[in-house]
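S.K.: Provided herewith is a single structure, encoded as structure tokens, for subsequent inquiry.
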Amino acid sequence: MVRKTFEDWQLRCETPAGAKAEQCALVQYLAAEDRPNLTLVVIVLKTADNRGYLLRVVAPLGVLLPSGLGLKIDQTDIGRAGFVRCLTTGCVAEVVMDDGLVRQFKGGSQATFIVFQTPEEGVGIPLSMKGFGAGFDSLK
């Protein structure tokens, strides 16, 4: 359920089955400009112990798993995350967001996720940073 919108990010909250407390996440849905069927769901949420934050990205089935998921923020190559599992809804990459990555997300104007469909061909999918800072602060 969408609780609040922070420009291009949505704060979505739900109480999972069996959970005592509501869980909220900051979410943005993306699509490659030239390939509308190539979509990503970007999710920022608290870790299970409530001590940190996870960046979780769901990519479509069919992406090349060994190449992982690349990330650039304002033309700076941040690195690649490996895919941890594939579900019927897509393949999931996760990284713990350290303070440096949070600062880069808050201070950045444009991010690009790179998914690979072949070892040579990376497809960049732009992520808007508009509203990220306020949305992230609302997760606390």
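Sequential numbering of the sequence shown, starting at 16, is according to this note's numbering.
Cβ coordinates follow ideal geometry from the N, Cα and C atoms, glycine included.
#1: Can you check whether the CB of Gly123 is closer than 8 angstroms to the CB of Phe21?
#2: Specify, as a first and last residue, the run of the alpha helix (DSSP H) that Leu80 falls within.
#3: Taking 8 angstroms as the cut-off, does the segment 123-132 touch the segment 86-93 (at least 3 CB pairs, one atom from each stretch)?
#4: DSSP puts Ala46 in a beta bridge; with which residues?
#5: If you check the beta carbons only, do Leu79 and Pro134 fall under 8 angstroms apart?
#6: Mind checking who Ile88 pairs with in its DSSP beta bridge?
#7: For Gly105, write down the residues that DSSP places opposite it in a beta bridge.
#8: Taking the CB atoms as reference points, tell me whether Leu45 and Leu60 lie closer together than 8 angstroms.
#9: What would DSSP say about Arg27, mapped onto helix, strand or coil?
#10: For Gly150, count neighbouring Cβ atoms within 10 angstroms of its own Cβ and tell me buried if that reaches 16, exposed if not.
#11: Per DSSP, what kind of secondary structure is Gly137 in: helix, strand or coil?
#12: For a test of the three-state rule: what should DSSP assign to Leu116, helix, strand or coil?
#13: Ile58: which of Gly77, Gly83 and Val42 sits nearest, CA to CA?
#14: In the structure shown, what three-state DSSP assignment does Ala74 receive?
M.R.: In terms of the structure at hand:
#1: no
#2: Careful: Leu80 lies outside any alpha helix (DSSP H) and carries neither H nor E.
#3: yes
#4: Thr54
#5: It is a contact, given that the beta carbons lie within the stated cut-off.
#6: Thr91 and Ala126
#7: Leu102
#8: no
#9: strand
#10: buried
#11: strand
#12: helix
#13: Val42
#14: strand
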